[in-house]
Amino acid sequence: MTTLRQLTVQTLTHLMAGGQEKLPVDDEARSILRQWMLDARTSGGRAAVPEASGKSNTADVMSVEEKLEFLRKKAAHWKPALGLGTLRETMVFATGNPHARLMLVGEAPGYDEERLGEPFVGKAGQLLNKILTAMGLSRAEVYITNVCKFRPSMGAEQGTANRAPTREEIAACLPLIMAEIRAIRPMCILCLGGTSAKALLGCDGSVSALRGRWMECQGIPLRVTYHPSYLLRNESMGARRSVWEDMLEVMVRLGMSISERQQQYFLPQ
Ligand code: URA
Numbered sequence: 104m105t106t107l108r109q110l111t112v113q114t115l116t117h118l119m120a121g122g123q124e125k126l127p128v129d130d131e132a133r134s135i136l137r138q139w140m141l142d143a144r145t146s147g148g149r150a151a152v153p154e155a156s157g158k159s160n161t162a163d164v165m166s167v168e169e170k171l172e173f174l175r176k177k178a179a180h181w182k183p184a185l186g187l188g189t190l191r192e193t194m195v196f197a198t199g200n201p202h203a204r205l206m207l208v209g210e211a212p213g214y215d216e217e218r219l220g221e222p223f224v225g226k227a228g229q230l231l232n233k234i235l236t237a238m239g240l241s242r243a244e245v246y247i248t249n250v251c252k253f254r255p256s257m258g259a260e261q262g263t264a265n266r267a268p269t270r271e272e273i274a275a276c277l278p279l280i281m282a283e284i285r286a287i288r289p290m291c292i293l294c295l296g297g298t299s300a301k302a303l304l305g306c307d308g309s310v311s312a313l314r315g316r317w318m319e320c321q322g323i324p325l326r327v328t329y330h331p332s333y334l335l336r337n338e339s340m341g342a343r344r345s346v347w348e349d350m351l352e353v354m355v356r357l358g359m360s361i362s363e364r365q366q367q368y369f370l371p372q
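This note's numbering applies: residue 104 is where the sequence shown begins, and numbers increase by one.
Pasting the structure below:
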């Protein structure tokens, strides 16, 4: 039987997934929540109920792993997106470290990602892995996700073809990525390509207009760079150096040391 306490946690968690971070509570509710909190603490477990400090905050209820698991389950049946009827049904969530300092956000899964159930595992993903390695990071250290959790559909004859998600598809998935950011609270966010940048910043503009400076999403420093697929199409030294300069900025922000060699990558010799 579901207890009142479990029901409360479920309800608060549901509100959190919908974007609500704070909830006013009256004195009676506050005192009940405080007692639950104390019970949870004295029984040795982690807090099973929200902090009762006037504003009940569901973020205090669950570990990051639990929040992500909850979001993953929620995303799998996310009606606002699936209800559009323009996205395929296999949900591809995210990969990497829930406690990552760096969160990378792409556009949407493609053929390979849908097949393997993981973001950035195709050609663009292989290039992304190389970029991370050059930075001295591994895939397992960072958190990699997409704004759109479903591969955009092109009908029955789609085969291996992919298309970019529409504004409507992005808008439908936006609450999920926003909740992921709230759960992880990385030290910085790197948007791979214009689609994720525009979604997280809520603005328009090309990658060249948006890159080159720090911006913010939910108060977290955010940097924009070209999508790895763009680099696969444009192998010029200029494009590679631009991306690398963005990565150097990210490394500085993360407090990583930068070698002389790393400083010089893709510069004319
Ligand atoms: N491109 C993206 O934006 N995301 C992926 O997961 C794969 C390719």
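All C-beta atoms, glycine included, are put in the ideal place defined by N, C-alpha and C.
Quick caveat, the model's predicted, so the values are computed rather than measured.
Original post:
At least one CB of chain B closer than 9 Å to the CB of E172: is that the case?
Top reply: In the structure shown, chain B does not exist; there is a single protein chain.
**OP:** Tell me whether G315 sits in a helix, a strand or coil according to DSSP, three-state version.
**Re:** coil
Original post:
If you drop the 5 nearest sequence neighbours on each side, which residues of the same chain put their C-beta closer than 8 Å to that of E210?
Top reply: N249, V250, C251, A267, P268, L295, G296, T298, S299, H330
Original post:
Would a C-beta distance cut-off of 9 Å place V224 and E216 closer than the cut-off?
Top reply: yes
**OP:** Have a look at R254 and T193 and give me their C-alpha separation to the nearest angstrom.
**Re:** 8 Å
**OP:** Check each residue's C-beta against every heavy atom of ligand 1 and list, in chain order, those closer than 7 Å.
**Re:** V195, G209, E210, A211, P212, G213, E216, P222, F223, G225, A227, G228, N249, L295, G296, H330, S332
Subject >> Whole-angstrom distance between R285 and Q321, CA atom to CA atom >> reply: 8 Å
Original post:
What are the partner residues of C291, as DSSP defines its beta bridges?
Top reply: L205
**OP:** Go ahead and label L107 buried or exposed: buried means 16 or more other beta carbons lie within 10 angstroms of its beta carbon, across all protein chains shown.
**Re:** exposed
Original post:
With 16 as the cutoff for other CB atoms within 10 Å, does S345 come out buried or exposed?
Top reply: buried
Original post:
Since F173 is in the alpha helix (DSSP H), which residue starts that stretch and which ends it?
Top reply: 167 to 179
**OP:** Could you check what DSSP says for G186 in three-state terms: helix, strand or coil?
**Re:** coil
**OP:** Thinking E272 and L171 are a contact (beta carbons under 8 Å), I'd like their distance in whole angstroms, please.
**Re:** Not quite, the Cβ-Cβ distance comes to about 22 Å (not below 8 Å), so this is no contact.
Original post:
Mind checking whether M238 and M350 have CB atoms under 9 Å apart?
Top reply: yes
Original post:
Which stretch, first to last residue, makes up the beta strand (DSSP E) that contains R254?
Top reply: 253 to 255
**OP:** Check the DSSP bridge columns for V327 and list the partner residues they point to.
**Re:** C294
Original post:
Does the beta-carbon of R336 have 16 or more other beta-carbons within 10 angstroms, so that it is buried, or is it exposed?
Top reply: exposed
**OP:** Return the CA-CA distance between A150 and P222, expressed in angstroms with no decimal places.
**Re:** For A150, the predicted model reports a pLDDT of 31, less than 50, meaning its position is unreliable; a value from the coordinates is still stated below. Roughly 32 Å between the two C-alpha positions.
Original post:
Mind checking T111: buried by the 16 CB within 10 Å criterion, or exposed?
Top reply: buried
**OP:** Could you spell out the range, first to last residue, of the alpha helix (DSSP H) harbouring Y214?
**Re:** 214 to 219
Subject >> Candidates T263, Y246, G220: closest to L231 by CA position >> reply: Y246
Subject >> Selection from T328, L334, K301 that minimises the alpha carbon distance to Q229 >> reply: L334
Original post:
Roughly how many whole angstroms lie between the Cα atoms of P371 and S339?
Top reply: 12 Å
Subject >> CB of C291 within 9 Å of CB of R326, strictly >> reply: yes
Original post:
When burial is assigned at 16 or more other CB atoms within 10 Å of the CB, is S309 buried or exposed?
Top reply: exposed
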